[in-house]
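Participant:
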Amino acid sequence: MEVKKHKIATIFAGALLALGTANLSNAEENTSSSSTQEEGISFSANLGMVSDYRFRGISQKDRNPAIQGGLDLDFGNGFYVGTWASQVDFDYEVDETDYEQDFYGGFSADINDSISYDVGYIYYAYHGSDQDEDYWEVYSNLSIKDLTLGFAYSPDYWAQSDEFYYTFAEYSFSLPAELSLDLHVGYNIFKEDEFLYEEDNYIDYSATLSRDFGGLNLSAAYVGTNLSKKECFDYDWCEPSLVVGATYTW
Numbered sequence: 025m026e027v028k029k030h031k032i033a034t035i036f037a038g039a040l041l042a043l044g045t046a047n048l049s050n051a052e053e054n055t056s057s058s059s060t061q062e063e064g065i066s067f068s069a070n071l072g073m074v075s076d077y078r079f080r081g082i083s084q085k086d087r088n089p090a091i092q093g094g095l096d097l098d099f100g101n102g103f104y105v106g107t108w109a110s111q112v113d114f115d116y117e118v119d120e121t122d123y124e125q126d127f128y129g130g131f132s133a134d135i136n137d138s139i140s141y142d143v144g145y146i147y148y149a150y151h152g153s154d155q156d157e158d159y160w161e162v163y164s165n166l167s168i169k170d171l172t173l174g175f176a177y178s179p180d181y182w183a184q185s186d187e188f189y190y191t192f193a194e195y196s197f198s199l200p201a202e203l204s205l206d207l208h209v210g211y212n213i214f215k216e217d218e219f220l221y222e223e224d225n226y227i228d229y230s231a232t233l234s235r236d237f238g239g240l241n242l243s244a245a246y247v248g249t250n251l252s253k254k255e256c257f258d259y260d261w262c263e264p265s266l267v268v269g270a271t272y273t274w
């Protein structure tokens, strides 16, 4: 089913440990046009595991562990492309979806030392099922120091559920012992109320504590929504839970 999933800034990735683990930090890396030219093209890859893959608060793995990984290419001038994949499990009786693969590209830049932005496109592809679950989104994010505000739009969301809008706010705190605390709240809006049981909107939230050990990132996130079990496809996928994960990036 959320966001992402382009993992643009560390705060976004932390909040979406639930959503996945790939990281891009183009806005932080490119501070001027001259330095951009010097940096040139760079490549990174990541591989990790989470105790549950949560996307916009909803479990994508039937509340079970998932292996995830991605590849990112930064052109050094603000433009980037990448792909990211994760195991999924929607508990179908037949035509089980095995994994999700996302393809994204966009542009990010600094306005000044405190403000940066990011805009892009992402395509979500689902493999293993005969059902038509693929969809795409456009997104934009604005970061002001440690605060990030974002918006995403899909003309036809997951499983052909019509138009979808997503807005979110995130804030990152630096703690002692090189720990980071990332807070996230998102508002999901559906044009129709057929995706969820008699609901056309819901709130997702998370609080993520993380620490980097070189290329290894360890995280623990409390993730949830305001949806009841009945509203959440009659599953417990939307109930609050602790999600832990480990990702190595090189």
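Going letter by letter, the sequence shown gives residues 25 to 274 in the numbering used here. Ideal placement from N, C-alpha and C gives every residue a C-beta, glycine not left out. Note that the structure is predicted; figures quoted are calculated from it, not measured.
By the three-class DSSP mapping on this structure, what secondary structure does Ala-183 have?
Facilitator: Of the three classes helix, strand and coil, the one that applies to Ala-183 here is coil, per DSSP.
Participant: Identify the continuous alpha helix (DSSP H) that holds Glu-63 and give its terminal residues.
Facilitator: Its alpha helix (DSSP H) spans residues 57-63.
Participant: Please tell me whether Phe-12 and Ser-178 are closer than 7 Å, where the distance is taken between their beta carbons.
Facilitator: Residue 12 falls outside the range modelled here, since the chain spans only 25 to 274, and no answer is possible.
Participant: If you draw a straight line from the C-alpha of Phe-219 to the C-alpha of Ser-110, how long is it?
Facilitator: Their backbone Cα atoms lie some 22 Å apart in a straight line.
Participant: Touching or not, the stretch 262-273 and the stretch 65-74, by the rule of three or more beta carbon pairs under 8 Å?
Facilitator: They touch, by the three-pair rule.
Participant: For Glu-202, name the three-state secondary structure that DSSP assigns.
Facilitator: Residue state, collapsed to three classes: helix.
Participant: I need the straight-line Cα distance from Ala-231 to Ser-204, nearest angstrom please.
Facilitator: One C-alpha to the other measures close to 10 Å.
Participant: For Tyr-123, which three-state DSSP category applies?
Facilitator: Residue state, collapsed to three classes: strand.
Participant: Mind checking Gln-184: buried by the 16 CB within 10 Å criterion, or exposed?
Facilitator: Answer is exposed; the Cβ neighbour count stays below 16.
Participant: Near Glu-52, which residues of its chain fall below 6 Å by C-beta distance, leaving aside the five closest residues on each side in sequence?
Facilitator: With a pLDDT of 36 at Glu-52, under the threshold of 50, the modelled position of that residue is not reliable, and no figure is offered here.
Participant: Per DSSP, what kind of secondary structure is Gln-111 in: helix, strand or coil?
Facilitator: Reduced to three states, the DSSP call for Gln-111 is strand.
Participant: If you follow the beta strand (DSSP E) that Asn-250 is part of, which residue opens it and which one closes it?
Facilitator: From DSSP, Asn-250 is part of no beta strand (DSSP E); its letter is neither H nor E.
Participant: How many Å lie between Asn-225 and Gly-210 at the Cα?
Facilitator: Straight-line Cα distance between these residues: approximately 11 Å.
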